[in-house]
Amino acid sequence: MRGRVVTLATARPRVYVVEAPGGRYVRAETHRELDRRGWQPAPSPASADALLIAGTLPDPLRAAADVLWSQLPGPRARAEPTAVSSVPSTLDGLRACLRDRAGQLADRRGRELDEATRWVRSDSARHDETDHDDMDHDDMEMAPGGLVLAQGAPDRDGLEMDALRHPLGPLLDRWPGGLELVTTLHGDVVVEAEVTWWEPPHPTAPPQTGRADDLAGGWDAAATVLSLLGDERQARLARSVAPSSPEVGDRVLRRLDRLTRRGALPRTAGEVLHTALADSVPALISDDELVELVSGRDLGDVRLLVAAHAPLLQGVVDASGSLDD
Amino acid sequence: MTDSSLVVDLAFWGCAVVAVVFGALVFVVDSMARATYALAVSFVATGGALLLMQQSYLGVIVVLMMVMEMAVMAVYMVMFMGMNPALMPMSMVHSHRTALGASLVTFVVLGSGAVLVPWPERRGAPSPDVTEALGRAIMESHMLVMMAVGPVMVATIVVGVALSTARTRYDRLGDDLDQTPTDPPLRGETQRGGRRRDR
Amino acid sequence: MIALAVLALLLAAGAFSLRAVGTALAETRSPVLVLPVASGRVPEQHALSRYHVRWYAASVVFLAFDVEMLFMYPWAVVVADLGTGAVVEMFVFLAILLAAVAWARREGAFRWA
Amino acid sequence: MTDPLADQLARLPAAALGAVLALGLVLVLAWTASVSRGVAAGRAVPASMAHAPAEAARLLRQGRRTTLSADRLLWRVGGWGLFPVAVLLIALVPVGETALLPGSLGVVWANALDVVVWALVWLLGWGANSVAGLVGGYRFLALALGYELPLMFALVAPAIAASSLDLAVVADAQSSLWYAVWMPVAFVAYLVGVLGFAVSGPLAAPVGSEVSDGALAELSGPDLLVVRAGRHALMGAGAAIAVPLFLGGGSGPWLPDAVWVVLKALLLTGALAWAAGRLPTLRTHQLMEPLWTILLPLVVLQDLVVAVLVVSGS
């Protein structure tokens, strides 16, 4: 009975797919392989069965990967495929790991029930070295659970509300590998942003196995945007465009244009996708332009804009090579 | 009361106790969200008590309106109380002594009124459909109320919007009100706000 | 009232058995305490804060407008009996309110971000 | 004079049967919504049918999690409350002889219950102490401000025509012509409201994929399962309420009334879920203006038309 339920439960595991710096091709192949199997990617680590980091992580991001790993509820599995060819076997391995009862029991037994406090503690310890404050008493009061409370900041409306610093990236699903955009949020609106790029430990070359038609990443970006809009059906089409017919491409393009017209997509995002897919390469954008692009936007719009511009971001191009190389 | 069955009595007292306890919780809990929704539960229980008094329309409308208002009020409470709304010890009580005195006096006056006033015996029966009776009252005998409410509500909307929007259409569009709005609508403004912090 | 009681009982039983099945299948009882999701980073501060609601102007309009529903429901029951007068009355009332909504829109009460 | 307590007890078997049937109906409707959703997303029909059981098994096997300094009480109330609201809505629907919870104010009660969803979704977003959750919860309230007034006016239209707020009376009043046919704007506004309180389709921004599923971002295991089931159930319950309001209740040839009610509810749930799966999620700040300045005046106009027709006696 239990065995049968477990088989049913793991028939299509939900994988949280994250792109490491330079891991674009492996990540794209992972999404295609998930499509082939009819598995759905997980939208957040909270409900994911497995964590898949596509590409090789640089050492500074190891801790971030461990934080993500600690956020999976379990039963859980993780993998870091570094080559396009190893993606299918990796996914098989993830499922096998989820089905391995002894292994899962051992994982849970070795796991603390409190996976949060140790991160907070190590984080604040790091701060203390530099800050060197003697406000321990205040800290206890102002920092329930070890995290400080948000502080007020003046707003354009002449009000003082709390501002939150919220990182997008480095390890986020459907997000360009290596980009860390630390936003300052007033409510759900981004008022400021800082850009950091994490470099891959070694340069990754585009795979030799075909798909030259999407090396500029236009269709990949379109698929990401559609998926972020919750339209998985069209996202699948966009991912399959390269091998399938131009008509499919036209359909996806028409869909994107319609979404832009109806305001489901920020206009800038729609325009840049249209340009990229209609066979002219748009200009690359610098970090400053990226900040300019996202400030004043709703948090969701920021995700859509970054996804649409992903192939044009300087850091992404540096890390994964472009057509010109 | 025509049917004072044990079940109805029990349910009524249940509602009353819930209403009072959750009303008191508003002043005990340490979070704006909890305080607001404690108040909402208190109101729902009051709605239940009204239902048991066979005021069916009044009962359901109390539930409907109060859940809605509390959902919006929670947002305001979170926004405008000058401290963290959830993670700090807080007190919903100001000027203890006056407040306590005032509430005690009010309670005693109202409570003794309810208990001591010789309520008249009910003559005649309530309308079979209280909702319909209410509708007739609004449209016929109490038309004036209805007429007055309209302008009052318009005034509320105008004053509310005028007071709450710091920037109106002139700030958004400049003098040329016919130009198409930008996407996002308030872009330049936000960036100015952002820079202000850098100062 | 009895139906309500039975429904409540059934739902409670359902929730309880769901939890029991979950506990049995997951082979664990206690939830694990984790950091809120933030792209692999440790959050710099608690998310619960004085959240800036950009649409407060719209909520003001709503709060004023929804009081109207108090009258609308009883009115709906009697309008067929009362006839034209009641219709004119109510829709003049609504027209005034909608004019206020139109004004609020022009002031940008329904835009934000 | 009969003993009221004994009276209530005598009604127990019927109430118990009714409650079990109502609960069963909610589950079937929720499952229908899930299947239709799967088909709309491009899955084959058998795969769509297996989706809900497989996900249920997956989530029941998954552990539960809680976040740092979360308000667990409010968070869990928000999540586990959605499904019961759907059940209460279904209990208002007259099936066959009577509804499980009959009353002269069924329409207003339906309204009151859908407003409870405001509180629940916001609490769901608030409780987790997470940025994504907060954004989702607040987005929901913004949308609710927009869809609720049109929904209320849409609920009023059938009540005007039937001169009653009793769902059974409203259903019976449509013997000649369904209200959906001659008050289409009210019907559409009602369905928009259903999509709103089921947090799906164009109004799914509060659980938007682009903010890591917003209000659902920190949920796992059974806690996520009940929320997903609750959203599908709310869509089914909204469709079921539309049956007495707009689709003639139990009227129909050959089959008994109760069967027609269930059949219509199933069909409308399927259609609504399919449409929700096909329509793109719209951005909250793009939706406010059209909801307030296009849909709301249109529904008010619809009410005017209904009122004039009723008064002029046609």
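Residue numbers (the working numbering), protein chains in the order written: chain A, 23 to 347; chain B, 15 to 213; chain C, 11 to 123; chain D, 14 to 327.
Quick reminder that beta carbons are idealized off the backbone N, C-alpha and C, glycines included.
Note that the structure is predicted; figures quoted are calculated from it, not measured.
Under the three-state DSSP convention, the category residue i falls into
i	result
glutamine 21 of chain D	helix
methionine 165 of chain D	helix
arginine 277 of chain A	helix
arginine 48 of chain B	helix
tyrosine 90 of chain B	helix
glutamate 154 of chain B	coil
threonine 152 of chain A	Any reading at threonine 152 of chain A needs caution, since the residue's pLDDT is 47, under 50, leaving its predicted position unreliable; the model's value is listed next. Threonine 152 of chain A falls in the helix class under three-state DSSP.
leucine 58 of chain C	coil
proline 199 of chain B	With a pLDDT of 49 at proline 199 of chain B, under the threshold of 50, the modelled position of this residue cannot be trusted; read the value that follows with caution. Proline 199 of chain B: coil per DSSP, three-state reduction.
alanine 234 of chain A	Confidence at alanine 234 of chain A is low in this model, with a pLDDT of 47, below 50, so the placement of that residue should be treated as unreliable; the coordinate-derived value is given next. In this structure, alanine 234 of chain A counts as helix in the three-state DSSP scheme.
aspartate 136 of chain A	strand
valine 166 of chain B	helix
arginine 210 of chain B	With a pLDDT of 31 at arginine 210 of chain B, under the threshold of 50, the modelled position of that residue is not reliable, and the figure given next carries that caveat. The answer is helix: DSSP assigns arginine 210 of chain B an H, G or I state.
valine 39 of chain A	strand
aspartate 160 of chain A	Note that aspartate 160 of chain A scores a pLDDT of 46, beneath 50, so its modelled location is shaky and nothing firm can be said.
valine 331 of chain D	For residue 331 of chain D there is no data in the structure shown, the boundaries of chain D being 14 and 327.
valine 52 of chain C	coil
alanine 15 of chain C	helix
leucine 101 of chain B	coil
leucine 190 of chain D	coil
threonine 60 of chain B	helix
arginine 296 of chain D	coil
Cutoff 7 Å; reference residue i; Cβ partners in own chain excluding five residues on either side
i	result
glycine 115 of chain A	Ala101
leucine 52 of chain B	According to the sequence shown, residue 52 of chain B is alanine rather than leucine. Closer than 7 Å at Cβ, skipping near neighbours: Phe36, Leu39, Val40 and Val43.
threonine 243 of chain D	Note on identity: in this sequence residue 243 of chain D is glycine, with threonine being the wrong assignment. Hits under 7 Å: Leu95, Phe96 and Ala99.
valine 58 of chain D	Val52
methionine 95 of chain B	Met46
alanine 64 of chain A	Arg36, Val37, Tyr38 and Ala70
valine 22 of chain B	Leu66
serine 308 of chain A	Gln336
serine 49 of chain C	none
Any chain F beta carbon closer than 8 Å to residue i
i	result
glutamate 302 of chain D	As a matter of chain content, chain F is missing from the structure shown, whose protein chains are A, B, C and D.
Beta-carbon proximity list for residue i, same chain, < 8 Å, skipping 5 on both sides
i	result
glycine 232 of chain A	Low per-residue confidence applies at glycine 232 of chain A: pLDDT is 47, beneath 50, and the placement is therefore not dependable enough to give any value.
methionine 84 of chain B	Thr50, Tyr51, Leu53, Ala54 and Phe57
serine 264 of chain D	Ala184, Gln187, Ser188, Asp270 and Trp273
valine 159 of chain B	Ile152
leucine 120 of chain A	Thr32, Pro35, Asp71, Ala72, Pro97, Arg98, Ala99 and Gln126
Cβ shell of residue i (< 6 Å), same chain only, five flanking positions each side left out
i	result
leucine 37 of chain D	The sequence as given places glycine at residue 37 of chain D; leucine does not occur at that position. Answer for glycine 37 of chain D: no residue qualifies.
valine 39 of chain D	Ala99, Val100, Ile103 and Ala246
valine 77 of chain B	Val58 and Gly61
valine 48 of chain A	Ala76, Gly77, Pro103 and Val106
threonine 246 of chain A	Arg196 and Ala329
aspartate 153 of chain A	Here the model assigns aspartate 153 of chain A a pLDDT of 47, short of 50, so the residue's position is not dependable, and the following value carries that caveat. Taken in chain order, the list of residues that qualify is empty.
*Indicate whether the contact test is met: 3 or more Cβ pairs, each with one atom in the stretch 95-113 of chain D and one in the stretch 249-259 of chain D, closer than 8 Å.*
yes
*chain A contacts from the stretch 231-254 of chain D (Cβ-Cβ distance under 7 Å)*: Glu231, Leu232, Ser233, Gly234 and Leu237
*Does the stretch 86-100 of chain D touch the stretch 119-137 of chain D, meaning 3 or more C-beta pairs lie closer than 8 Å?*
yes
*Enumerated in chain order, which unbroken segments of the alpha helix (DSSP H) with a length of 4 residues or greater are wholly contained in the stretch 244-318 of chain A?*
254-261, 268-283, 289-299 and 309-316
_Chain-ordered residues of the stretch 28-53 of chain C with a beta carbon less than 9 Å from chain A_ = Ala34, Leu35, Ala36, Glu37, Thr38, Ser40, Pro41, Val42, Leu43, Val44, Leu45, Pro46, Val47, Ala48, Ser49, Gly50, Arg51, Val52 and Pro53
_chain B contacts from the stretch 63-89 of chain D (Cβ-Cβ distance under 8 Å)_ = Ser82, Asp84, Leu86 and Leu87
*Closer than 8 Å, Cβ to Cβ, to anything on chain A: give me those residues from the stretch 205-231 of chain D, in chain order.*
Ala217, Ala218, Gly221, Ser222, Glu223, Val224, Ser225, Asp226, Leu229, Ala230 and Glu231
_Near-chain A residues of the stretch 282-316 of chain D (beta-carbon distance less than 7 Å), N- to C-terminal order_ = Pro293, Thr294, Leu295, Arg296, His298 and Gln299
*With contact counted as at least three CB pairs below 8 Å, one residue from each stretch, are the stretch 81-89 of chain A and the stretch 51-66 of chain A in contact?*
no
*When you check each C-beta in the stretch 247-259 of chain A against every C-beta of chain D, which residues fall closer than 8 Å?*
Ser249, Leu250, Leu251, Gly252, Asp253, Glu254, Arg255 and Arg258
*Where are the alpha helix (DSSP H) runs, 4 residues long or more, that stay fully inside the stretch 73-124 of chain A, in chain order?*
84-93 and 109-121
*Check distances from the C-beta atoms of the stretch 134-146 of chain D to those of chain B and list, in chain order, the residues that come in under 9 Å.*
Trp135, Leu136, Trp139, Gly140 and Asn142
*Residues in the stretch 118-135 of chain D with C-beta within 7 Å of chain B's C-beta atoms, listed in sequence order?*
Leu118, Val121, Trp122, Asn124, Ala125, Val128, Val129, Trp131, Ala132 and Trp135
*Can you list, in chain order, the stretches of the alpha helix (DSSP H) that have 4 or more residues and sit fully within the stretch 253-292 of chain D?*
270-291
*asked:* Tell me whether the stretch 95-104 of chain B and the stretch 64-75 of chain B touch, counting them as touching only if at least three CB pairs, one residue from each stretch, are closer than 8 Å.
replied: no
*Okay, do the stretch 202-215 of chain D and the stretch 148-167 of chain D touch, 3+ Cβ pairs below 8 Å being the bar?*
yes
*Do the stretch 63-77 of chain D and the stretch 109-117 of chain C meet, that is, are 3 or more Cβ pairs less than 8 Å apart?*
no
*asked:* Please list, in chain order, the residues of the stretch 76-94 of chain C that have any C-beta partner in chain A closer than 8 Å.
replied: none
*alpha helix (DSSP H) runs wholly inside the stretch 165-218 of chain A, at least 4 long, in chain order*: none
*Mind the definition here: the stretch 241-258 of chain A touches the stretch 221-238 of chain D only if three or more C-beta pairs lie below 8 Å; say whether that holds.*
yes
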